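Peer 1: Sequence lines, in order, name chains A and B.
In terms of our numbering, the first sequence opens at residue 970 and continues consecutively.
In terms of our numbering, the second sequence opens at residue 100 and continues consecutively.
Sharing a structure here in structure tokens format.
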Amino acid sequence: MTETKTLHIPAIHCEGCIESIQRIVERKGAKLDAGDHETKNVTISFEPDSVSADELVTALSDADFEPGEA
Amino acid sequence: MSEASLPSPAPVPEPSPKQPSGSSEHVILPIEGMFCAACVLRIEKVVGRVDGVQAVSVNLASERASIDFDPATANEADLVAAVERAGYDVRELNIDDSEEEALKVAERRSLLRSASIALVVGWGTVLATQINTWADLNWDRDALFISLLVVSSPLLVFSGRGIFRAAWRVGRHGSSDMNTLIALGVIAAYGYSLAATVAPGAFEDAGLKREIFYQTALIIVGAVMLGRYFEARAKGKTSLAIRRLLDLRPRLARVERDGEEIELPAEQLVVGDLIAVRPGEQIPVDGVVIEGQSGVDESMLTGESLPVDKAPEDQLFGATLNGSGLLRMRATQVGAETVLARIISLVESAQGSKAPVQRLADRVASIFVPVVLIITLATFVLWWAVGPDPALTFAILNAVAILVVACPCALGLATPTAVMVGSGKGAEHGVLFRSAEALERAHAVTAVVYDKTGTLTAGRPAVTEVVTFGGNSRDDLLRLATSVERGSEHALASAVVAAAAEIEVAEATDFEAVAGKGARAQVEGCEVLVGNVRLLDEAGIATSAAADSLADFAKAGQTPILVAVDGALAGMIAVADTLKPSAPLAVQALRREGLRTILLTGDTDATARAIAAEVGIDEVLSEVLPEDKAATIARLQAEGEVVAMVGDGINDAPALAMADLGIAMGGGTDVAIETADVTLMRDDPRGALQAIQVGRSTMRIIRQNLVWAFGYNILLIPIAAGLFYPIFQEIGPVPGGLGWLFGEVGFFEPIVAAFAMTMSSLSVMANSLRLNRLKLRDDPGPPAAGAQPVGRSIPAPAQS
């Protein structure tokens, strides 16, 4: 079962940030479905069997992309 | 052949930088994927958190991270991992830019392919249906419709994939942009045709004309893609300036390591490296000459075409070209610290910044698309309700025409393209704008305030006049004075020494400096005093003979140095700051442009007026304390002036910040770049006018672009909405010559709308590119070498 999660990440600044986030989540085996640097929202889909939402949030926080309220 | 007589090579004084001094190592990582300043900060933060990292500095322009770390606790792999954790990639070192270039070429090629396929098939269909009608071939309509459906559907998906994908991406978030408009237009035309093809019965029952518009859909897509192709090409041209700067980045350097000369990539150099630069070679990093003499071509950084002479202790800049001499240099700044790297990052951030005028365009664009959608809907309903038969057909076609013609891309391109070309143009001439806002403000400047020292003048005192008494010759006087002054450290003394460079100097003994007054010494058996009037007064030497000259000197703002030999006045040397040769030209050119020119200085009124007269400046504000300079600028602003302040960026930072446009003539020092809106790489006061010129031209182009982009929409949307239908109803049928534009009854052809839209974007791009041809006024003037003395020509020696 694929799960999707939308996160609001205030640290997003530009299209480059979206690309960074894409690389980060892809390294974790997840997929970036959508990202908008103006609304600062990203939508990530992942298989809960292989990676948890917490792990993704931790990886993003490590890169200074701390998610805020979705 | 005595080998013993050869001088042994001098030991290298600097410690070899490869030696880990205690526990610090330095590495430079090329980074991929950075877009903006936030990316830079993020990498610095994440890498900085790694244990053992002492310092991180990331440069967006050169795409490099420069990291100091303790090899005991961290290694390079940790650093690479940290960069990756932050969401970026570390590239292989030494990859060149050709890969990026190849990607862009591939992208352009794909756009062109999409455009040409759609256009060829679209126009082919138009032609085929025309031939069918004219030649009365009576093709089977059903067969024709179905074969066109089969041919056009995959082509539309292929050629228009960029448009549909982008429209979908924004549409999913409930927003819309120009892709939305095009996609809706194409889908409407295609959907209508599809229904006519697959459900002809139901279609005709609904009162629709059984026609197809696959060709319209294809041509719209083709025109948009063709526009994007040309846009991509033109964008490549707008960033030409930055491309040229990046291409300047030096590649190799001959470095002395452990007494041997080895070739290293320039990015591996470290501060303190000793580098040999052969004739004709590029200087790899910033540094100072330690040996050798040569002329260096610095035009790539400063725009100044004359080579600059370099001798030991002179500054060298990376990317400049060595002339005919062999130079040995020591690296003082490497990597992101070099002047070139700073120029690149400055120009890049200026090109990426938003001009205030763009906010207007952005605001309009943001409400533009929804407004167009409403107009489209209204038009559709109107013609469906009251239009000629077949009403629904015309209603749909008019809606398509509006959607296509109203694309706001020209509006989006108007400002950024002009800013990119304009700031690039400035950079080519050594005029660096910090932001698009600076560019915009430069155009409005009404008054230019020049700081004096180091701006209009060379900032170094020089001998301007020599007056002799008692039969001494000019050379005699300078020789005696220099012999004494050589021992002195005073700034005025160094001016005298410099003036006597060609004269053989005698040995001075019993040198004694008299604080605040001058110095005395024994030269060639004579007692020589060199100093001000008080020094001679106290020695009981009469100075009345010099009274007239002293008064003249004071009026001209020159400082007198009196020379007495064996108790009698022998002569006087006048010393003053010298004007830069181009200073009068700079001021005259500004005045011709109708700008108010003002000299602002802390010097005495006499000195200031002398300089002002020399350069022909309008107003003088003298004896202004450094801390009052900013207040003076504010006062001018209160008078309604838009003030540009030209200074050296070091002493007058507050005034530069207060001015509407702060122009620093610092040649790329950190302070200058950080405080000033404009940095002049060339030490030439004419740069102020060039900055204003670039600002004015850029703003003129932006205004034209905006007028064109708005005007075009204001003009064509009503036409696309069917404005000409009632007109043609009144005045009779559409003339045959206008059929391509208005069809049979006066409605705007969607195909023409697609091309009009493309043309509007292209004309905006082309207009911005005109800035590349801008000629910056740069009167050659007198040769830059050697400063001109201030003051009158040397008068005949006064008689005693």
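We put the beta carbon where it would ideally sit given N, CA and C, even for glycine.
Nothing here was measured: the structure is a model prediction, and the numbers come from that model.
State the Cα-Cα distance for the pair Val179 of chain B and Leu128 of chain B, rounded to the nearest angstrom.
Peer 2: Position 80 of the second sequence, counted from the first residue, corresponds to residue 179 of chain B. Position 29 of the second sequence, counted from the first residue, corresponds to residue 128 of chain B. One C-alpha to the other measures close to 8 Å.
Peer 1: Hey, quick one: how far does the beta strand (DSSP E) through Ala1003 of chain A stretch, first residue to last?
Peer 2: The residue labelled residue 1003 of chain A in the question sits at position 34 within the first sequence. Unbroken beta strand (DSSP E) run through Ala1003 of chain A: Lys1000 to Asp1005.
Peer 1: On the three-state DSSP scale, how would you describe Asp1033 of chain A?
Peer 2: Here residue 1033 of chain A is taken as the residue at index 64 of the first sequence, counted from 1. Of the three classes helix, strand and coil, the one that applies to Asp1033 of chain A here is coil, per DSSP.
Peer 1: Under the DSSP definition of a beta bridge, which residues are partnered with His977 of chain A?
Peer 2: The residue labelled residue 977 of chain A in the question sits at position 8 within the first sequence. In DSSP, His977 of chain A forms a bridge with A:Asn1010.
Peer 1: One question on the structure: do Ile697 of chain B and Ala580 of chain B come within less than 8 Å of each other, judged by their Cβ atoms?
Peer 2: Taking the second sequence and counting its residues from 1, one reaches residue 697 of chain B at position 598. Taking the second sequence and counting its residues from 1, one reaches residue 580 of chain B at position 481. The answer is no: Cβ separation not under 8 Å.
Peer 1: Given that Gly132 of chain B touches chain A, what residues does it touch there, using C-beta distances under 9 Å?
Peer 2: Reading the second sequence from its first residue, position 33 is the one you call residue 132 of chain B. Per Cβ cutoff of 9 Å: Gly985, Glu988, Ser989 and Arg992.
Peer 1: How many angstroms separate the CA atom of Thr778 of chain B from the CA atom of Val139 of chain B?
Peer 2: Reading the second sequence from its first residue, position 679 is the one you call residue 778 of chain B. Reading the second sequence from its first residue, position 40 is the one you call residue 139 of chain B. Between Thr778 of chain B and Val139 of chain B, the C-alpha separation is close to 23 Å.
Peer 1: Taking the straight line between their C-alpha atoms, what separation do you get for Leu1025 of chain A and Ser1019 of chain A?
Peer 2: Residue mapping note: residue 1025 of chain A aligns to position 56 of the first sequence, counting from 1. Residue mapping note: residue 1019 of chain A aligns to position 50 of the first sequence, counting from 1. Their backbone Cα atoms lie some 11 Å apart in a straight line.
Peer 1: Does any residue of chain A bring its CB to less than 8 Å from the CB of Val145 of chain B?
Peer 2: The count along the second sequence starts at 1 and reaches residue 145 of chain B at position 46. Taking Cβ atoms only, chain A reaches closer than 8 Å to Val145 of chain B, which makes this a yes.
Peer 1: Mind checking which residues open and close the beta strand (DSSP E) that includes Cys625 of chain B?
Peer 2: Here residue 625 of chain B is taken as the residue at index 526 of the second sequence, counted from 1. Note, Cys625 of chain B: beta strand (DSSP E), Cys625 to Gly630.
Peer 1: Pull out every residue of the region 508 to 538 of chain B whose Cβ sits closer than 7 Å to any Cβ of chain A, in chain order.
Peer 2: Result list empty, no residue passes.
Peer 1: In chain A, which residues lie with their C-beta within 7 Å of the C-beta of Gly186 of chain B?
Peer 2: Counted from its first residue, the second sequence places residue 186 of chain B at position 87. Those are Ser989, Ile990, Arg992, Ile993 and Ala1032, listed as they occur along chain A.
Peer 1: Does the region 498 to 506 of chain B come within contact of the region 718 to 732 of chain B, defined as at least 3 CB pairs closer than 8 Å?
Peer 2: The answer is no - the region 718 to 732 of chain B does not touch the region 498 to 506 of chain B, with fewer than three Cβ pairs under 8 Å.
Peer 1: Going by other Cβ atoms of all chains shown within 10 Å of its Cβ, with 16 needed for buried, is Asn237 of chain B buried or exposed?
Peer 2: Indexing the second sequence from 1 puts residue 237 of chain B at position 138. So Asn237 of chain B ends up on the exposed side.
Peer 1: Against chain B, with Cβ distances strictly below 8 Å, would His977 of chain A count as a contact?
Peer 2: The count along the first sequence starts at 1 and reaches residue 977 of chain A at position 8. No, because no Cβ of chain B sits closer than 8 Å to the Cβ of His977 of chain A.
Peer 1: Between B:Gly422, B:Ala546 and B:Asp413, which lies nearest to Pro378 of chain B when the distance is taken from Cα to Cα?
Peer 2: Numbered from its first residue, the second sequence carries residue 378 of chain B at position 279. It is B:Gly422 whose Cα lies nearest to the Cα of Pro378 of chain B.
Peer 1: Tell me the residue span of the beta strand (DSSP E) that contains Met744 of chain B.
Peer 2: Position 645 of the second sequence, counted from the first residue, corresponds to residue 744 of chain B. Taken as a continuous stretch (DSSP letters only), the beta strand (DSSP E) holding Met744 of chain B covers Val742 to Gly746.
Peer 1: Could you name the residues of chain A that Ala282 of chain B contacts, counting a contact when the two beta carbons are closer than 8 Å?
Peer 2: What you label residue 282 of chain B is simply residue 183 of the second sequence in a count that begins at 1. Chain A residues near Ala282 of chain B: none, gap ~18 Å exceeds 8 Å.
Peer 1: Relative to the C-alpha of Leu317 of chain B, which candidate in B:Gly624, B:Ile286 and B:Ser582 has its C-alpha closest?
Peer 2: The residue you call residue 317 of chain B lines up with position 218 of the second sequence. Residue B:Ile286 is the option with its Cα nearest to Leu317 of chain B.
Peer 1: Could you check the C-alpha separation between Val320 of chain B and Thr492 of chain B for me, to the nearest Å?
Peer 2: Position 221 of the second sequence, counted from the start, is the residue given in the question as residue 320 of chain B. Position 393 of the second sequence, counted from the start, is the residue given in the question as residue 492 of chain B. So the two alpha carbons sit approximately 20 Å from each other.
Peer 1: Let me make sure I understand the geometry here. Which of B:Ala669, B:Ala352 and B:Arg795 has the alpha-carbon closest to that of Gly909 of chain B?
Peer 2: Only positions 100 to 899 of chain B appear in the structure, and residue 909 of chain B is not among them; the question remains open.
Peer 1: Please classify Pro832 of chain B as buried or exposed, where buried requires at least 16 neighbouring CB atoms within 10 angstroms.
Peer 2: Translated into positions along the second sequence, residue 832 of chain B becomes position 733. Pro832 of chain B should be labelled exposed.
Peer 1: Who does Ser393 of chain B pair with in a DSSP beta bridge?
Peer 2: The sequence position of residue 393 of chain B within the second sequence is 294, counting from 1. Per DSSP, B:Lys409.
Peer 1: Under 7 Å Cβ-Cβ, which residues of chain A neighbour Cys506 of chain B?
Peer 2: Along the second sequence, read from residue 1 onward, the residue named residue 506 of chain B stands at position 407. Correct list: empty, because the minimum Cβ distance to chain A is about 20 Å.
Peer 1: Using 8 Å as the limit for Cβ to Cβ distance, is Arg141 of chain B near chain A?
Peer 2: Taking the first residue of the second sequence as 1, we reach residue 141 of chain B at position 42. Yes, its Cβ sits closer than 8 Å to a Cβ of chain A.
Peer 1: Is the beta carbon of Val745 of chain B sitting closer than 8 Å to the one on Ala787 of chain B?
Peer 2: Here residue 745 of chain B refers to the residue found at position 646 when the second sequence is read from its first residue. Here residue 787 of chain B refers to the residue found at position 688 when the second sequence is read from its first residue. For Val745 of chain B and Ala787 of chain B, yes; Cβs fall inside 8 Å.
Peer 1: Work out the CA separation of Arg353 of chain B and Ala172 of chain B for me, nearest whole Å.
Peer 2: What you label residue 172 of chain B is simply residue 73 of the second sequence in a count that begins at 1. What you label residue 353 of chain B is simply residue 254 of the second sequence in a count that begins at 1. With the sequence shown as reference, residue 172 of chain B is identified as Thr, and Ala is not the correct amino acid for it. Taking the straight line joining both Cα atoms gives about 32 Å.
Peer 1: In chain order, what residues of the same chain have a beta carbon less than 8 Å from the beta carbon of Tyr811 of chain B, not counting five sequence neighbours either side?
Peer 2: Within the second sequence, the letter at position 712 stands for residue 811 of chain B. Taken in chain order, the residues that qualify are Ala509, Ala855 and Ser859.
Peer 1: Tell me which same chain residues have a C-beta within less than 7 Å of the C-beta of Val629 of chain B, skipping the five on either side of it?
Peer 2: Your numbering for residue 629 of chain B matches position 530 in the second sequence. Closer than 7 Å at Cβ, skipping near neighbours: Ala580, Val583, Glu584, Gly617, Ala618, Ile660 and Val662.
Peer 1: Mind listing the chain A neighbours of Ala154 of chain B? Cutoff is C-beta to C-beta under 8 Å, in chain order.
Peer 2: On the second sequence, position 55 is the one that residue 154 of chain B refers to. Here the premise fails: no neighbours, minimum Cβ distance about 18 Å.
Peer 1: On the premise that Ala513 of chain B lies in contact with Phe454 of chain B, defined as a C-beta separation below 8 Å, what is that separation, rounded to the nearest angstrom?
Peer 2: Taking the second sequence and counting its residues from 1, one reaches residue 454 of chain B at position 355. Taking the second sequence and counting its residues from 1, one reaches residue 513 of chain B at position 414. According to the sequence as given, residue 454 of chain B is Ala; it is not Phe. Not really, about 10 Å apart at Cβ, beyond 8 Å.
Peer 1: Excluding the 5 residues preceding and the 5 following Thr306 of chain B in the sequence, name in chain order all residues of the same chain whose CB lies nearer than 8 Å to its CB.
Peer 2: Here residue 306 of chain B refers to the residue found at position 207 of the second sequence. Position check: residue 306 of chain B holds Gly in this sequence, whereas Thr was assumed. Asp488, Pro489, Ala490 and Leu491.
Peer 1: Answer with yes or no whether the minimum CB distance from Ala137 of chain B to chain A is below 8 Å.
Peer 2: As a working mapping, residue 137 of chain B is identified with position 38 in the second sequence. Yes, because at least one Cβ of chain A sits closer than 8 Å to the Cβ of Ala137 of chain B.
Peer 1: If you count every other CB in all the chains shown that lies within 10 Å of the CB of Gln229 of chain B, and 16 or more means buried, which is it?
Peer 2: Taking the first residue of the second sequence as position 1, residue 229 of chain B is located at position 130. Result: exposed.
Peer 1: State buried or exposed for Glu726 of chain B, treating a residue as buried only when at least 16 other CB atoms are found within 10 Å of its CB.
Peer 2: Taking the first residue of the second sequence as position 1, residue 726 of chain B is located at position 627. It counts as exposed.
Peer 1: Count the other CB atoms within 10 Å of the CB of Met133 of chain B; is the residue buried (16 or more) or exposed (fewer)?
Peer 2: Against the second sequence, residue 133 of chain B aligns to sequence position 34. Buried, because 16 or more other Cβ atoms sit within 10 Å of the Cβ of Met133 of chain B.
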